[in-house]
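Student: In our numbering, the protein residues as written are 1274 to 1567. For every residue, glycine included, the Cβ atom is placed at its ideal position computed from N, Cα and C.
1. Provide the residue span of the beta strand (DSSP E) that contains residue 1276, from first to last.
2. Measure from the alpha carbon of residue 1459 to the alpha carbon of each residue in 1376, 1367, 1532, 1316, then state which is nearest.
3. Using 10 angstroms around the beta-carbon of residue 1430, count the other beta-carbons present and answer buried if the total reaches 16, otherwise exposed.
4. Classify residue 1398 as helix, strand or coil using the three-state DSSP reduction.
5. My output table needs one value for residue 1574: the three-state DSSP class, helix, strand or coil.
6. Within the chosen definition, does the segment 1414 to 1424 reach the segment 1332 to 1350 through at least 3 CB pairs nearer than 8 Å?
7. What number of angstroms, rounded off, separates the C-alpha of residue 1410 from the C-alpha of residue 1332?
8. Quick one: give me the first and last residue of the alpha helix (DSSP H) that residue 1333 is part of.
9. Residue 1512 and residue 1422 - do their beta-carbons sit closer together than 8 Å?
10. Taking the Cβ atom as the reference point for each residue, do residue 1368 and residue 1344 lie within a distance shorter than 8 Å?
11. From this set, 1301, 1408, 1380, which residue's C-alpha is nearest residue 1281's C-alpha?
12. Hey, out of 1286, 1399, 1304, whose CA is closest to residue 1279's CA?
13. If you drop the 5 nearest sequence neighbours on each side, which residues of the same chain put their C-beta closer than 8 Å to that of residue 1325?
14. Report all residues from its chain with a CB closer than 7 Å to the CB of residue 1474; omit the five preceding and five following residues, and keep chain order.
15. Alpha carbons only, please: which of 1546, 1545, 1525, 1517 is nearest the one belonging to residue 1537?
16. Please report the distance separating the alpha-carbon of residue 1356 from that of residue 1283.
17. I believe residue 1506 touches residue 1542 by the beta-carbon criterion, under 8 Å. Please report the beta-carbon distance rounded to the nearest angstrom.
18. Please state the DSSP three-state secondary structure of residue 1505.
19. Determine the DSSP secondary structure at residue 1380, reduced to helix, strand or coil.
20. Roughly how many angstroms separate the alpha carbons of residue 1438 and residue 1484, rounded to a whole number?
21. First and last residue of the alpha helix (DSSP H) that includes residue 1540?
22. Helix, strand or coil for residue 1299, going by three-state DSSP, please let me know.
23. Quick check on DSSP: helix, strand or coil for residue 1482?
24. Count the other CB atoms, across all protein chains shown, that sit within 10 Å of the CB of residue 1547; report buried if there are 16 or more and exposed otherwise.
25. Could you say which of 1299, 1370, 1335 lies nearest to residue 1349 if we only look at CA atoms?
26. Tell me whether residue 1347 is buried or exposed, calling it buried when 16 or more other Cβ atoms sit within 10 Å of its Cβ.
27. For residue 1446, I'd like the list of residues in its chain whose CB is within less than 6 Å of its CB, leaving aside the five on either flank, ordered along the chain.
28. Need the endpoints of the beta strand (DSSP E) that residue 1353 sits in, please.
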């Protein structure tokens, strides 16, 4: 058997708003024996990813905020979710405030749970150098915009965004946008980002659809590029919903990526993968979960 020790890491620190690598170097010991083997080291800390994900107050999930009440002196518990979720009757035992002798108690306790979740999200979004992803339900869109956001798969591989004027093959699969919609993301002011390469088919059709999605989620229609004139870039007036990733380099993102976002950017930025941008105009974007999934 041969035993060796080697270094993993970099002594040079790397720091942007969403990721910090403090320059840690770890010593790893690996033992080699006869035959074909796979070596897996123990976990070690390389850096800190400053992206956190929480459930929105109206997002029904078992992972969401839950208020557990237990009458003093008993072991009876009752569970109240910030959003409607689970099977209410199955989560009620001898201690149950949804009864006639306690009129209005359920509304009071629900409001406490919802208020706690709102306060949590607000506190996270107020934390410096933290990107906050909030899981939300997909907003209702006009049918023509909704269809333009659906994705088509052929033989298990992403083909294109759905084109209602095209005749697809019998085995092609059309997946709804709910399969990749994560919710909302809040950026730090000045957070750098760049384009996702190869994210859309026809920029005009896809741009209209994705910007409509951003507008519905944000309850407003954008009028200015998110990175307006940043670094002296001459922004135009035509806006699209751009697929972006944090950092200063445009990237091809793998299927299933969990850090692709939609923000309104000008067509000039959308068509230039050699520049990076900054979150200056709008603090929030649309978060795509399981990018190019499902």
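Tutor: Well, looking at it:
1. 1275 to 1282
2. Of the candidates 1376, 1367, 1532, 1316, the one whose C-alpha sits nearest the C-alpha of residue 1459 is 1532.
3. exposed
4. helix
5. What is shown of the chain runs 1274 to 1567, which leaves residue 1574 out entirely.
6. no
7. Those two C-alpha atoms are separated by around 6 Å.
8. In the DSSP assignment, residue 1333 falls outside any alpha helix (DSSP H) and carries neither an H nor an E.
9. no
10. yes
11. 1301
12. 1304
13. 1397, 1403, 1404, 1405, 1406
14. No answer about residue 1474 holds up, because its pLDDT of 45 lies below 50 and its placement is not dependable.
15. Among 1546, 1545, 1525, 1517, the Cα nearest to that of residue 1537 is on 1517.
16. 44 Å
17. 7 Å
18. helix
19. helix
20. The alpha-carbon of residue 1438 is positioned some 21 Å away from that of residue 1484.
21. 1540 to 1543
22. strand
23. helix
24. exposed
25. If you compare the alpha carbons of 1299, 1370, 1335 with that of residue 1349, the shortest gap goes to 1370.
26. exposed
27. 1426
28. 1351 to 1354
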